Each structure stands twice: as C-alpha cells, then as structure tokens.
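Participant: Position one of the first sequence corresponds to residue 0 (numbering that gives the first Met the number 0), numbered consecutively onward.
Virtual Cβ for every residue (Gly too), placed ideally from N, Cα, C.
Values in this document were obtained by computation on a predicted structure and should not be read as measured data.
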Amino acid sequence: MRQEKKKLLVIVGPTASGKSALAVMLAKKLGGEIVSADSRQLYRGLEIGSNYPSQKELHAVPHHLIGIVNPKRIFTVAKYQKLARNAVEKIWKRNKLPILVGGTGLYIQAVVDGFVVPEVPPNEPLRTELEKKTAETLAGLLKKKDKKRWRGIDKKNKRRLIRAIEVAEALGRVPKLKFNRLKAEISFIGLRPPKEMLEKSVRKRAGEMMRSGFINETKRLLGSGVTEERIKEFGFEYRRALQYIRGKIKSKKELVDLIVRDTLRYAKRQITWFKRDKRIRWIRND
RNA sequence: GCGUCGGUCGGAUAGCGGCUAUUCCAGCGGACUGUAAAUCCGCCGCCCAUCGGGCACCGAAGGUUCGAGUCCUUCCCGACGCA
Numbered sequence: 000m001r002q003e004k005k006k007l008l009v010i011v012g013p014t015a016s017g018k019s020a021l022a023v024m025l026a027k028k029l030g031g032e033i034v035s036a037d038s039r040q041l042y043r044g045l046e047i048g049s050n051y052p053s054q055k056e057l058h059a060v061p062h063h064l065i066g067i068v069n070p071k072r073i074f075t076v077a078k079y080q081k082l083a084r085n086a087v088e089k090i091w092k093r094n095k096l097p098i099l100v101g102g103t104g105l106y107i108q109a110v111v112d113g114f115v116v117p118e119v120p121p122n123e124p125l126r127t128e129l130e131k132k133t134a135e136t137l138a139g140l141l142k143k144k145d146k147k148r149w150r151g152i153d154k155k156n157k158r159r160l161i162r163a164i165e166v167a168e169a170l171g172r173v174p175k176l177k178f179n180r181l182k183a184e185i186s187f188i189g190l191r192p193p194k195e196m197l198e199k200s201v202r203k204r205a206g207e208m209m210r211s212g213f214i215n216e217t218k219r220l221l222g223s224g225v226t227e228e229r230i231k232e233f234g235f236e237y238r239r240a241l242q243y244i245r246g247k248i249k250s251k252k253e254l255v256d257l258i259v260r261d262t263l264r265y266a267k268r269q270i271t272w273f274k275r276d277k278r279i280r281w282i283r284n285d
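Structure follows, in structure tokens:
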C-alpha cells in the first residue's frame, strides 16, 4: 500500500558556478537523470554560445530538454513547464531521481511551484501594435481594462505591460496568480562561488567559447535562415557575436571582455532571483 | 621657451555668474503573471540615519562680486602647434 514518496533534486546557481558538473556527479551516485532548466539550451544549434553540457557529460547521464527546439520558433515558459513536468513524471516512472538543473529561475519556479500562466498565447500583431506606444500610454490602457493588475505592475516595463494588456484583452482581466505545486519531496541546492572565483571561471569559459568556434556557430545560425532579430534573443553572447561579425567590435579580445562583463552582470541578476527563495540550501563552492 | 586649448564622481562628458552640478559607461542593490542570458527600477563624494539630516565639492592658492564650477591673477598638470 505504502508508496515511496516522489523525490526531486533541484540545483541552481549563477552561470559558470559548476552546476552541470555537480549534477552529473550526483546523478551517477544517486541514479538520477538530468532535466535542464536553461532557457537557451533548449534550442538546437546553440551548443557553444549557450554552453551545452560537454559530450562526455551528456553521455555519462541521460539529459532532458537540451537541443529540442527549432531556433526559428519562439518558445515560452508555459511550453517549458509542460515539457519539464512531463520529463520529471517519466523519470519517476522509471524509478529514477529527476535532477532539475539550471540558471533560469523562472523556469525552475514554473516546474516546482507550477504557477499557472494565463491561457493566452502570444498575440504577435497586438504586440507589434502596442510596442509603438509609450509605457505611460500602455499603463493607461491597462488601468482601464484591469485596475487590479495595474496597481501591482511595474508601470515602466513595457514588456510586462504589453503582456498584461494582451491577457486582459482576451480574458477580460488578468487572473490572479495561482500555483499548482509539484507534489514531491524537493531538495534545493544552490551553488554560490565567491566573486573572484566566478570571475575567473567566466573568463576561462569565454576564452574556450571562442576557441571552440563560437563565431562560426553564430554564422551557421545566420546561414540556416535564423533572422538577425531572432539571434539577438538568444542572449548577449550572440548579440556580441553579431556585433563582431558586423565589425562593430574590432578584436576578439574586446569581444571576450564584453562577454565577460555581460556574463557577470547576468550572474548577479540570477543571484538576486535565487536569494529570495528560502528553500535553497547554499553551498559556497570552488 | 612661446602660443592655443583643456583639468568637473572609478572612466568619459554637460554646465548663459544665481537656489538640489548634467548625461553615458563601469560599480552596487532590487523587481519579476506565456520573449527571462529577456525586460524593468533605485543608488552611485563622505558621515550618521527609518523618514531624513549633517559635512564637503568642480587641479591649487588668491582676487572681483550680494553671489563663482563659470570672470581675473599666479602656480601646478595634460594635449596640440611653433620653435
């Protein structure tokens, strides 16, 4: 009768903190399978720029949700949520331990807390239309449609305002946020290397990225018909790579320096996000 | 040595003689409802502090003026031109 409680291990932390290595190690030890929570590793063809796990790691342990999406298609948190929960369920069925690993805080939250995203798919024409307006105008529009949501929203953030209007337009108002939490025993591990360590590994990784053909990867994406606009959405590395290809950045050294700076700034945003989650047990690693 | 231009926050930059000295980058902190490596916000001379308050300050020293980052003099430093 008694069924063993389902378990999930979550590993979070800023980029280049050693999450992958730890995850692989624990997976081997505990009989686990890795589910990636990285918003870009999902896409096919971003091996280098989004830092896929190494071939060795990929072979050592089963990995899920890496390189599964066509980069021309727009992906969303809602889709991720479904795919990831599916993967977790399947792993449980195999009596293995799912290990959710990644630096995309929103994606982690979508899986474990299961916030229910309003059932309104992106409405591109509407978005393009709204994009032309100022934040102030948008806030005014939202206020008329849904005063409650208007009160709580960041009134200068156009992207959020547009989404809120999009939802309110379709449903009459923005529904209150609900959670459909994963029923399992979940342990959170956070990796937080000291600043100098992080800086060092970020720099090292940026150099390796160049050597393994990051620029060519970007050119290949362009060649395969992914638009420049789209590539810019794959993160700062790709934006910088484009600038380099277009001659706006003169040398590889400058390119590396800029990517290092961008990465550290990003790492800080990640830490800000994870800091407020009190379930995480932090490890100061190096 | 002579001439010209300039010295303003970690770097760059604005600043008709008149109250709180601008903007950008870097730095620090924060937010997060279907693009999240995205998007957005605050702080950024020093000290105490909860709101807020106290003290500085525009290379240095003098001067003119009710009032100077802004005008004058001298000095120091830098760039350029001429020797």
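Using beta-carbon positions only, say whether aspartate 37 and glycine 113 come within less than 9 Å of one another.
Facilitator: Reading the first sequence from its first residue, position 38 is the one you call residue 37. Reading the first sequence from its first residue, position 114 is the one you call residue 113. Not a contact, by the Cβ cut-off of 9 Å.
Participant: Pull the bridge partners of lysine 155 from the DSSP assignment, please.
Facilitator: Against the first sequence, residue 155 aligns to sequence position 156. Answer by DSSP bridge pairing: none, since lysine 155 is not bridged.
Participant: What is the rounded straight-line gap between the Cα of glutamate 228 and the Cα of valine 87?
Facilitator: Residue numbering aside, residue 228 sits at position 229 when the first sequence is read from its first letter. Residue numbering aside, residue 87 sits at position 88 when the first sequence is read from its first letter. Rounded to whole angstroms, glutamate 228 to valine 87 spans 33 Å at the Cα level.
Participant: For phenylalanine 213, which residues in the same chain have their Cβ closer than 8 Å to its Cβ, ignoring the five residues on either side in sequence?
Facilitator: Start at 1 with the first residue of the first sequence, and residue 213 comes out as number 214. Contacts found: Ile47, Gly48, Glu236, Ala240.
Participant: What did DSSP end up calling glutamate 82 once you bin it into helix, strand or coil?
Facilitator: Counted from its first residue, the first sequence places residue 82 at position 83. For the sequence presented, residue 82 should be read as leucine rather than glutamate. Three-state result, leucine 82: helix.
Participant: Is it buried or exposed for phenylalanine 273, if we count other Cβ within 10 angstroms and need 16 for buried?
Facilitator: Counted from its first residue, the first sequence places residue 273 at position 274. Classification of phenylalanine 273: buried, given that the 10 Å Cβ count is 16 or more.
Participant: Going by other Cβ atoms of all chains shown within 10 Å of its Cβ, with 16 needed for buried, is threonine 127 buried or exposed?
Facilitator: Here the question's residue 127 lines up with position 128 in the first sequence. Exposed, since its Cβ has fewer than 16 Cβ neighbours within 10 Å.
Participant: By DSSP, does isoleucine 188 sit in helix, in strand, or in coil?
Facilitator: Along the first sequence, read from residue 1 onward, the residue named residue 188 stands at position 189. Strand at isoleucine 188.
Participant: Please say whether valine 111 and leucine 176 have beta carbons closer to each other than 9 Å?
Facilitator: Residue 176 sits at position 177 when you count from the first residue of the first sequence. Residue 111 sits at position 112 when you count from the first residue of the first sequence. Contact flag unset, no.
Participant: Using 9 Å as the threshold, is the C-beta distance between valine 173 and lysine 71 below it?
Facilitator: Taking the first residue of the first sequence as position 1, residue 173 is located at position 174. Taking the first residue of the first sequence as position 1, residue 71 is located at position 72. No, the pair does not count as a contact, with Cβ atoms beyond the cut-off.
Participant: Any idea if proline 192 is buried or exposed, counting beta-carbon neighbours within 10 angstroms, 16 or more meaning buried?
Facilitator: Within the first sequence, the letter at position 193 stands for residue 192. Proline 192 is buried by the Cβ-count criterion.
Participant: Under three-state DSSP, which class holds proline 124?
Facilitator: The sequence position of residue 124 within the first sequence is 125, counting from 1. If DSSP states are grouped into helix, strand and coil, proline 124 belongs with the helices.
Participant: Please classify lysine 6: does DSSP put it in a helix, a strand, or coil?
Facilitator: Locating residue 6 in the first sequence gives position 7, where the first residue counts as 1. Residue state, collapsed to three classes: strand.
Participant: So valine 255 and methionine 209 are in contact, right, with Cβ under 8 Å, and what is the actual spacing, rounded?
Facilitator: The count along the first sequence starts at 1 and reaches residue 255 at position 256. The count along the first sequence starts at 1 and reaches residue 209 at position 210. Valine 255 to methionine 209, Cβ: 6 Å. Contact.
Participant: With the cut-off set at 9 Å, would you say valine 166 and leucine 99 are in Cβ contact?
Facilitator: The residue given as residue 166 occupies position 167 in the first sequence. The residue given as residue 99 occupies position 100 in the first sequence. Against a cut-off of 9 Å, the Cβ pair of leucine 99 and valine 166 comes out as no contact.
Participant: Find the nearest neighbour of arginine 219 within the set Glu198, Lys199, Gly206, Ile244, judged by alpha-carbon distance.
Facilitator: For this step, residue 219 is matched to residue 220 along the first sequence. Arginine 219 has its Cα closest to that of Ile244, out of Glu198, Lys199, Gly206, Ile244.
Participant: At the level of alpha carbons, what is the spacing between glycine 66 and leucine 96?
Facilitator: Indexing the first sequence from 1 puts residue 66 at position 67. Indexing the first sequence from 1 puts residue 96 at position 97. Those two C-alpha atoms are separated by around 22 Å.
Participant: Entirely within the stretch 197-282 and at least 4 residues each: give me those alpha helix (DSSP H) ranges in chain order.
Facilitator: Counting only runs of 4 or more, we get 213-222, 227-231, 235-244, 251-274.
Participant: Should the stretch 264-271 be regarded as contacting the stretch 156-170, the criterion being three or more beta carbon pairs within less than 8 Å?
Facilitator: With the cut-off at 8 Å, the stretch 264-271 and the stretch 156-170 do not touch.
Participant: Counting only the same chain and skipping the five closest in sequence on each side, list residues whose C-beta sits under 8 Å from that of leucine 41.
Facilitator: Position 42 of the first sequence, counted from the start, is the residue given in the question as residue 41. Within the same chain, leucine 41 has close Cβ partners Ser35, Leu64, Ile65, Gly66, Ile67, Val68, Phe74, Tyr79.
Participant: With 16 as the cutoff for other CB atoms within 10 Å, does lysine 143 come out buried or exposed?
Facilitator: Taking the first residue of the first sequence as 1, we reach residue 143 at position 144. Burial call: exposed.
Participant: Which residues in the same chain as asparagine 85 place their Cβ atom closer than 6 Å to its Cβ, once the five residues preceding and following it in sequence are excluded?
Facilitator: For the purposes of this step, residue 85 is taken as residue 86 along the first sequence, with counting starting at 1. So the list is empty, once near-sequence residues are dropped.
Participant: Just to confirm the assignment: which complete alpha helix (DSSP H) runs, minimum length 4, are found wholly within the stretch 41-121?
Facilitator: You should have 54-59, 76-92, 104-111.
Participant: Which residues in the same chain have their Cβ closer than 8 Å to the Cβ of threonine 14, if we skip the five residues on either side of it in sequence?
Facilitator: Working through the first sequence from its first residue, we reach residue 14 at position 15. Excluding residues within five positions, the ones whose Cβ falls inside 8 Å are Asn50, Gly102, Val201, Thr262, Tyr265, Ala266, Gln269.
Participant: What is the residue span of the beta strand (DSSP E) that glycine 31 lies within?
Facilitator: As a working note, residue 31 is residue 32 in the first sequence. Its beta strand (DSSP E) spans residues 31-35.
Participant: Could you tell me whether the Cβ atoms of arginine 280 and isoleucine 185 are closer together than 9 Å?
Facilitator: Taking the first residue of the first sequence as position 1, residue 280 is located at position 281. Taking the first residue of the first sequence as position 1, residue 185 is located at position 186. No.
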